[in-house]
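> 1 is the number of the first residue of the sequence shown in UniProt numbering; add one for each residue after it.
For every residue, glycine included, the Cβ atom is placed at its ideal position computed from N, Cα and C.
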Amino acid sequence: MKRTRLIRKIPGDDEDRLSALPDCVLCYILSFLDTKYAVQTCVLSKRYKNLWSSLPNLNFDKNSLKRLSSFTNFVDQVLTLRDNSVKVNDFKFSSRRAINSYFLGKVVNYAMSHGVQGLNLDIHYDGIFDFLESWHSSESLKTLELKSYVYFVQLRNPLSFPKLKILHLERVSFEHLSCPSVRDLTLIGCAPYKLDTWNINAPQLTKLTITSGCFELVAFKVVVSAPRLASFCYSGSRPLSLSMGEQSGLEVISIDIDRYGWWERKKEVEKKVALDLVNLLQLFHNAKSVTLSLGTIEVLSLFPDLLAHERSPFGNMKSLKFKASRKCSTLGIPAHVRTYLLNNSSKAELFMELPRCYRCPRHKRCKHCL
Numbered sequence: 001m002k003r004t005r006l007i008r009k010i011p012g013d014d015e016d017r018l019s020a021l022p023d024c025v026l027c028y029i030l031s032f033l034d035t036k037y038a039v040q041t042c043v044l045s046k047r048y049k050n051l052w053s054s055l056p057n058l059n060f061d062k063n064s065l066k067r068l069s070s071f072t073n074f075v076d077q078v079l080t081l082r083d084n085s086v087k088v089n090d091f092k093f094s095s096r097r098a099i100n101s102y103f104l105g106k107v108v109n110y111a112m113s114h115g116v117q118g119l120n121l122d123i124h125y126d127g128i129f130d131f132l133e134s135w136h137s138s139e140s141l142k143t144l145e146l147k148s149y150v151y152f153v154q155l156r157n158p159l160s161f162p163k164l165k166i167l168h169l170e171r172v173s174f175e176h177l178s179c180p181s182v183r184d185l186t187l188i189g190c191a192p193y194k195l196d197t198w199n200i201n202a203p204q205l206t207k208l209t210i211t212s213g214c215f216e217l218v219a220f221k222v223v224v225s226a227p228r229l230a231s232f233c234y235s236g237s238r239p240l241s242l243s244m245g246e247q248s249g250l251e252v253i254s255i256d257i258d259r260y261g262w263w264e265r266k267k268e269v270e271k272k273v274a275l276d277l278v279n280l281l282q283l284f285h286n287a288k289s290v291t292l293s294l295g296t297i298e299v300l301s302l303f304p305d306l307l308a309h310e311r312s313p314f315g316n317m318k319s320l321k322f323k324a325s326r327k328c329s330t331l332g333i334p335a336h337v338r339t340y341l342l343n344n345s346s347k348a349e350l351f352m353e354l355p356r357c358y359r360c361p362r363h364k365r366c367k368h369c370l
């Protein structure tokens with residue numbers, strides 16, 4: 001005989017406590033939803049009828065609607081009927097279907113004109129898109145994320161937002177960057193727009209992350225003017241051609257060169273890549289915490305004679321971490337590479353970070369990890 005559990009009904013339990021909350025609290029809760037679902041709450045009761053029009057955060061995702069035309073019409077209706085007196089804190093717009101420049105400009109203009117603080121665009125766009133001069137003068141924008149799906153977004157005008165703190169760009173082509181307040185800059189698969197030199201002028205920048213992509217096939221130089229830079233991270237199949245000047249505060253660096261990336265397996269090409277890597281490491285002589293992938297170590301080990309004539313790049317290093325991936329065939333560090341890296345920092349602590357796979361229990365590793 002199946003046992004049943006009796007639950008004692010609490011008097012007054014039928015009361016809708018959620019609807020009794022103040023409008024500001026309900027709007028805060030709804031702002032965590034996709035805007036489509038937040039708008040749909042208007043059918044629940046009269047209490048929710050107009051709440052969606054006062055949401056401080058807007059999140060439009062093409063995946064919530066099947067047809068692109070339905071998605072763009074929905075976005076247009078929301079922006080038209082929304083309470084214009086309410087400012088926008090965070091604005092997210094995502095579409096993996098092609099968006100035309102007129103509609104994209106309309107969406108961005110709405111966000112900018114309503115005092116947006118965080119703007120996140122994840123789009124399928126191929127062509128030139130210009131940020132208007134009025135957008136560049138925004139005093140409210142603090143965070144900007146612009147990601148292009150498949151194609152490059154080409155920005156002809158320099159990026160120069162006065163109050164921007166965090167900038168994240170993926171597959172974006174632009175001339176140069178001059179943001180006086182940006183502190184955290186991430187560039188993934190980006191490229192200069194019709195130039196062979198990329199200028200980054202950011203006097204408040206403390207963290208710079210660059211991940212290369214297909215632009216590695218085009219030779220260009222990156223010139224960074226960031227006197228407060230403290231952390232630098234780079235990953236790609238070729239060493240970056242970088243000019244940074246004196247960086248006394250740059251203490252944390254991470255370099256990951258994937259030898260099995262784009263470049264040819266010719267001796268002269270490999271030697272140039274190895275020499276470029278040595279020149280890149282020489283820029284970080286003040287680094288205290290250094291992380292190098294085993295792919296980077298493999299490139300350094302290709303030409304022992306090259307390292308024999310080079311001085312150790314690190315004079316203040318306190319810790320050196322080697323980061324392995326599943327591509328690595330061995331975890332060994334050649335003696336001549338170890339000497340090159342540690343000659344001026346013999347007391348540095350050494351660490352090895354091994355990859356983890358989905359088969360591993362928490363805090364453990366298995367034979368499939370390597």
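Taking the alpha-carbon positions, what's the residue 183 to residue 206 distance?
5 Å
> Residue 183 by DSSP, collapsed to three states: which one?
Under the three-state reduction of DSSP, residue 183 is assigned to coil, being neither helix nor strand.
> Assuming contact is defined by CB atoms lying nearer than 9 Å, are residue 256 and residue 323 in contact in what I supplied?
yes
> Quick one: Cα of residue 198 to Cα of residue 50, how far?
Between residue 198 and residue 50, the C-alpha separation is close to 48 Å.
> Taking only the alpha-carbon atoms, compute the straight-line gap between residue 276 and residue 244 and give it to the nearest angstrom.
15 Å
> Please state the DSSP three-state secondary structure of residue 63.
helix
> For residue 81 and residue 212, what's the separation of their Cα atoms in angstroms?
42 Å
> Got a sec? Which residues, its chain only, sit under 6 Å from residue 155 by beta carbon, not counting five neighbours each side?
174
> Quick one: Cα of residue 202 to Cα of residue 224, how far?
8 Å
> Could you please give the first and the last residue of the uninterrupted alpha helix (DSSP H) stretch that includes residue 28?
23-30
> Locate the alpha helix (DSSP H) running through residue 135, then write down its first and last residues.
133-136 is the extent of the alpha helix (DSSP H) around residue 135.
> What's the C-alpha gap between residue 346 and residue 311?
14 Å
> Compute the distance between the beta-carbons of residue 140 and residue 106, then report whether it is under 9 Å.
no
> Out of 161, 158, 178 and 144, state which residue places its alpha-carbon closest to the alpha-carbon of residue 170.
144
> Under the assumption that residue 287 contacts residue 337 (Cβ atoms under 8 Å), give the Cβ distance between them as a whole number of angstroms.
Contact between residue 287 and residue 337 fails: their C-beta atoms lie close to 17 Å from each other, not under 8 Å.
> Less than 8 Å between the CB atoms is what I'm expecting for residue 222 and residue 242, so what's the real figure, rounded?
5 Å between Cβ atoms; contact.
> Sort 43, 27, 247 and 186 by Cα distance to residue 166 and report the nearest one.
186
> To the nearest angstrom, how far is it from the Cα of residue 232 to the Cα of residue 208?
5 Å
> Starting from residue 305, trace the alpha helix (DSSP H) in both directions and tell me its first and last residue.
304-308
> As a quick exercise: from 101, 114, 113 and 61, pick the residue whose alpha carbon is nearest that of residue 92.
61
> Entirely within the stretch 77-114 and at least 3 residues each: give me those beta strand (DSSP E) ranges in chain order.
Fully enclosed beta strand (DSSP E) runs of no fewer than 3 residues occupy 90-98 of the stretch 77-114, in order along the chain.
> Nearest by alpha-carbon distance to residue 19: which of 125, 129, 271 and 41 is it?
41
> Can you tell me the Cβ-Cβ gap for residue 321 and residue 291, rounded? I've got them flagged as a contact below 8 Å.
Right, the Cβ-Cβ distance comes to about 4 Å (below 8 Å), so this counts as a contact.
> At what residue ranges does the stretch 185-246 contain a whole run of the beta strand (DSSP E), taking only runs of 3 or more?
197-201, 207-211, 221-225 and 231-236
> Alpha carbon to alpha carbon, what distance is there between residue 110 and residue 372?
With the chain covering only 1 through 370, there is no way to say anything about residue 372.
> Keeping to the same chain, check which residues put their C-beta closer than 6 Å to that of residue 293; ignore five residues upstream and five downstream.
The beta carbon of residue 293 is closer than 6 Å to those of 256 and 323 in its chain, skipping five residues each way along the sequence.
> Quick check on this structure: which residue in 134, 340, 302 and 316 has the alpha carbon closest to the alpha carbon of residue 160?
134
> In whole angstroms, what is the alpha-carbon distance linking residue 335 and residue 227?
35 Å
> Inspect the beta-carbon positions of residue 95 and residue 112 and report whether they are closer than 9 Å.
No, these two residues do not count as a Cβ contact at 9 Å.
> Secondary structure at residue 286, three-state DSSP: helix, strand or coil?
coil
> With DSSP run on the structure shown, which of helix, strand or coil describes residue 153?
strand
> Using three-state DSSP, classify residue 251 as helix, strand or coil.
Three-state result, residue 251: coil.
> To which residues of the same chain is residue 298 closer than 7 Å at the C-beta, ignoring the five residues directly before and after it?
259
> Helix, strand or coil, according to DSSP, for residue 120 in the structure here?
When secondary structure is reduced to three states using DSSP, residue 120 falls in the strand class.
> Is it right to say residue 35 is buried, meaning 16 or more other beta carbons lie within 10 angstroms of its own, or is it exposed?
buried
> Who are the Cβ neighbours of residue 246 in its own chain at under 7 Å, not counting the five residues just before and after it?
none
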